[in-house]
Amino acid sequence: YKTGFVKFFDGNSKIKTPPLFMDNVLDVAVEADKLLEIAVKKLKKTESQIINNLRFIRAFVQKEKISIECEEVKSGRRKLFSAKLFVDATGTNSPVSRRLNAGRSITHVCPTVGTLARGFKRGTAAKEVDFSVGEILVSTEDASDNRQLIWEGFPGNPSKDEYTTYLFFYDSVESKADKSLFRLFEDYFEKLPDYKSKNGAWRVVKPVFGYIPSVHHRGWNNLKKTATDRILLIGDAAGLSSPLTFCGFGSHVRNLRKLTDLTEYSLVENDYTERSLSKINAYEPRVAQMSSLAEFMRPMPNSKSSVVNETMNAVMKSLSCLDAEISREMFQDRIKFSSFKKVLLKTARIHPKVFKLMIEHLGIKGAFWWISNIAKAGLQERNHLKNSSSR
Ligand SMILES: Cc1cc2nc3c(=O)[nH]c(=O)nc-3n(C[C@H](O)[C@H](O)[C@H](O)COP(=O)(O)OP(=O)(O)OC[C@H]3O[C@@H](n4cnc5c(N)ncnc54)[C@H](O)[C@@H]3O)c2cc1C
6 YKTGFVKFFD GNSKIKTPPL FMDNVLDVAV EADKLLEIAV KKLKKTESQI INNLRFIRAF
66 VQKEKISIEC EEVKSGRRKL FSAKLFVDAT GTNSPVSRRL NAGRSITHVC PTVGTLARGF
126 KRGTAAKEVD FSVGEILVST EDASDNRQLI WEGFPGNPSK DEYTTYLFFY DSVESKADKS
186 LFRLFEDYFE KLPDYKSKNG AWRVVKPVFG YIPSVHHRGW NNLKKTATDR ILLIGDAAGL
246 SSPLTFCGFG SHVRNLRKLT DLTEYSLVEN DYTERSLSKI NAYEPRVAQM SSLAEFMRPM
306 PNSKSSVVNE TMNAVMKSLS CLDAEISREM FQDRIKFSSF KKVLLKTARI HPKVFKLMIE
366 HLGIKGAFWW ISNIAKAGLQ ERNHLKNSSS R
């Protein structure tokens, strides 16, 4: 679609900001069934084999190989496979990922529910759906019950009249917020009329739901473990995507070439050590500085209910005063240190209380690691520029 926008509720916020429009951000809708069909066709042309209805049970790492125990879903029969390398793509709940990270494979989650549905009123008014515009983040009320609910609205195929709406909230694994997807689905159906108007023929094509994982890094070199000898985690099992946009699929598409090239290199070199496999991941250092910005998207137990919207209205206002490229960088998970500095300074000018809020919000330790993450990103960027200019 043509463009997209972000808009935070400003009914109780001192800073009022109109929708912030940006081009080339989250503007591609993919039909998952078609994508899978293409992938299956491609695999079938190779020597690969696709075996359906198998459940992964456990892996045995041995010196010369790895053995994988699976269960046939229908018969319950066990099967054993051997390989040089095991790539685990079992998503957020990957038991292998939990095991590698001492039970703490994720620190934050985005409980998300929604539908792909037909029959929304079409038009350009706020409560109508416009098939040429994506709604990247929209809040329609302040926080309650430790949750700041946020909507997303994405047009699908206009000829099929299919439009996707999500309701989600940013959360930490340890927070008191109710993380139940059932409760969130109840909220979704109750609150949907406040977000979008339906025509008489509204119907759900399919429900969508899940917990989108992320990891906030605190401490030097405290990166999540995404590999061990002969095991490589990918996708949500690795869970290194942006804590701001939570686009795990997008992150892997961006990194696909790098991931496949490095995996092939390991296979050719017969090198399956943890040290080598750990380099095969979609971690983007600039994403670390986004993690604390994402922390501002969830209310803390003692904060005012309007605090998330108020802070985000200040950030959006500062983005609207800066070059449009900076908003794009931020929402495409590739913000440069120099741009991030500009956003911080501008936001502090618009909303001087923002640093006090940061300490209240993140605590002294959290604020320290945020600043450290930013400094680290700045240093990495300087070194990168130095290296490329001396080449
Ligand atoms: C509602 C919602 C909306 C989203 N929107 C976006 C978006 O707009 N853009 C974006 O980039 N990302 C989005 N995401 C995130 C994106 O969907 C994930 O990052 C992506 O699907 C991760 O892919 P994956 O293959 O790693 O894991 P998954 O898609 O979770 O696939 C894991 C697979 O492993 C299977 N599995 C699990 N355990 C076992 C086992 N023991 N044995 C065998 N199989 C097993 C599961 O059945 C599943 O099929 C969204 C997520 C949700 C929940």
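Going left to right, the sequence shown walks through residues 6 to 396 as our numbering numbers them. Cβ coordinates follow ideal geometry from the N, Cα and C atoms, glycine included. It should be emphasised that the depicted structure is a prediction, and the values quoted were computed from it without experimental measurement.
Quick check: the region 194-211 against the region 87-100, are there 3 or more CB pairs under 8 angstroms? With a cut-off of 8 angstroms, the region 87-100 and the region 194-211 do not count as touching, because too few Cβ pairs lie within range.
On the three-state DSSP scale, how would you describe aspartate 38? Residue state, collapsed to three classes: helix.
Test item: CB-CB of arginine 235 and valine 66 under 8 angstroms: Cβ atoms of arginine 235 and valine 66: closer than 8 angstroms.
Are the CB atoms of tryptophan 156 and tyrosine 216 within a distance shorter than 8 angstroms? Contact flag unset, no.
May I ask whether a heavy atom of ligand 1 can be found less than 7 angstroms away from the beta carbon of phenylalanine 254? True, at least one ligand heavy atom lies under 7 angstroms from that Cβ.
Here's a check: name, in chain order, each residue in its chain whose Cβ is nearer than 7 angstroms to the Cβ of leucine 48, leaving out the five neighbours to either side. Taken in chain order, the residues that qualify are Ile55.
If you drop the 5 nearest sequence neighbours on each side, which residues of the same chain put their C-beta closer than 8 angstroms to that of lysine 181? Hits under 8 angstroms: Asn151, Pro306.
So, helix, strand or coil for alanine 130, using DSSP? Coil, per DSSP.
Nearest CA to the CA of glycine 161: which residue from Trp375, Arg104, Ala37, Asp328? Put simply, of Trp375, Arg104, Ala37, Asp328 the residue whose alpha carbon is nearest the alpha carbon of glycine 161 is Ala37.
Need the endpoints of the alpha helix (DSSP H) that glycine 158 sits in, please. Glycine 158 -> not in any alpha helix (DSSP H); beta strand (DSSP E) instead, spanning 155-160.
CA nearest to the CA of asparagine 214, picked from Leu238, Lys203, Phe187: The identity of residue 214 in the sequence shown is phenylalanine, whereas the question assumes asparagine. It is Phe187.
Anticipated Cβ contact below 8 angstroms, phenylalanine 173 with threonine 117, distance rounded: Between phenylalanine 173 and threonine 117, the beta carbon gap of about 4 angstroms places them in contact (Cβ cut-off 8 angstroms).
Beta strand (DSSP E) segments (min. 3 residues) lying fully within the region 31-91: If we require 3 residues or more, the beta strand (DSSP E) runs fully inside the region 31-91 come out as 59-66, 71-77, 83-88.
Decide if phenylalanine 342 is buried, meaning its Cβ has at least 16 other Cβ atoms within 10 Å, or exposed. So phenylalanine 342 ends up on the buried side.
Is aspartate 241 close to ligand 1? I mean its beta-carbon at under 7 angstroms from any heavy atom of the ligand. Yes, the Cβ of aspartate 241 comes within 7 angstroms of a heavy atom of ligand 1.
Proximity test, tyrosine 171 beta-carbon vs ligand 1 heavy atom, cut-off 7 angstroms: Flag set: Cβ of tyrosine 171 near ligand 1.
Could you check what DSSP says for phenylalanine 342 in three-state terms: helix, strand or coil? If DSSP states are grouped into helix, strand and coil, phenylalanine 342 belongs with the helices.
Where proline 128 and valine 134 are concerned, what is the direct C-alpha to C-alpha distance, given to the nearest angstrom? A small correction: the amino acid at residue 128 is glycine; proline does not occupy that position in the sequence shown. Going by C-alpha positions, glycine 128 is about 6 angstroms away from valine 134.
With 16 other Cβ atoms within 10 Å as the buried cut-off, status of glycine 158: It counts as buried.
Alanine 64 to serine 323 span [Cα, whole Å]: About 50 angstroms.
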